[in-house]
Amino acid sequence: MENLSIPPSQIKEARLTSPKLTEEDKTLDFTLRPKNWQDYIGQEKVKKNIQIIIEAAKKRGEPIEHLLFYGGSGLGKTTISYIIAKELGTNIRVIAGPTVEKVGDLAAILTNLAEGDVLFVDEFHRLNKLIEEFLYPAMEEFKLNLILGKGPMARTMELKLPRFTLIG
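Residue numbers 1 to 168, in the UniProt record's numbering, belong to the letters of the sequence shown in order.
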């Protein structure tokens with residue numbers, strides 16, 4: 001009988017408990033994530049309130065107002081944001097707060113949004129203070145006030161943005 005055993009030096013142990021996301025994890029994350037309110041289990045009061053907000057916005061023909069969610073990891077903030085975008089029939093752009101380091105980064109993100117799009121900022125509380133200040137007029141007035149140049153030659157430019165919904 002032939003020996004079919006593999007020498008220990010040739011065995012590559014798979015780390016099933018590794019904290020790093022694998023490609024399979026990313027695929028399963030979106031495959032298993034609820035896609036509509038019927039699939040989303042729990043938080044009935046939150047779901048009902050958001051459904052009312054969405055229906056009212058649809059009747060007005062406008063994007064919904066900005067939303068701020070709070071709670072620990074895994075409570076459904078990201079999932080609810082995806083469902084909101086789907087219910088509105090619009091695109092969602094997801095960014096991590098700490099990755100937006102420069103005003104130019106945020107300007108690029110905001111100017112690439114379409115009318116009615118949802119911008120979900122994960123870890124919103126970790127945004128740089130300068131970015132928060134820059135974001136305020138974008139949220140309130142849907143415009144960016146940019147400073148071009150330096151010193152006495154500097155000038156300001158107002159850039160209009162499409163109406164979008166920010167969820168943090």
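Each residue gets a CB set at the ideal place from its N, CA and C atoms; glycine is no exception.
Being a predicted model, the structure only gives us computed values, none of them experimental.
Enclosing alpha helix (DSSP H) for residue i [first to last residue]
i, result
"Val46", "Glu44 to Arg60"
"Leu130", "Lys129 to Glu141"
"Ala108", "Val103 to Thr111"
"Leu88", "Lys77 to Leu88"
Strand pairing of residue i, partner residues [DSSP]
i, result
"Asp122", "Ala96"
"Ile167", "Leu67 and Phe120"
"Asn145", "Glu158"
Cβ pair residue i, residue j closer than 8 Å
i, j, result
"Arg126", "Gly97", "yes"
"Phe142", "Arg163", "yes"
"Ile80", "Val121", "no"
"Leu110", "Leu144", "yes"
"Gly76", "Gln43", "yes"
Delimiting residues of the beta strand (DSSP E) encompassing residue i
i, result
"Lys160", "Arg155 to Lys160"
Cα-Cα separation between residue i and residue j, rounded to whole angstroms
i, j, result
"Ile147", "Asn36", "42 Å"
"Gln51", "Glu158", "34 Å"
"Lys58", "Ile64", "8 Å"
"Ala107", "Lys150", "18 Å"
"Ile131", "Lys45", "32 Å"
"Ile41", "Arg93", "24 Å"
"Arg33", "Ala85", "14 Å"
"Arg155", "Asn49", "44 Å"
"Ser73", "Glu123", "10 Å"
"Asn112", "Pro152", "30 Å"
"Ala138", "Lys47", "27 Å"
"Ala56", "Lys129", "33 Å"
"Lys160", "Gly168", "22 Å"
"residue 171", "Thr99", "With the chain running from 1 to 168 in the structure shown, residue 171 is simply not present."
"Glu62", "Tyr136", "20 Å"
"Ile83", "Glu140", "24 Å"
(message) Can you confirm whether the region 82-91 touches the region 102-120 when touching is taken to mean that 3 or more C-beta pairs between the two stretches lie within less than 8 Å?
(response) With three or more CB-CB distances shorter than 8 Å, the region 102-120 counts as touching the region 82-91.
(message) Assess contact between the region 65-73 and the region 92-111, defined as three or more Cβ pairs (one per stretch) separated by less than 8 Å. Is contact present?
(response) no
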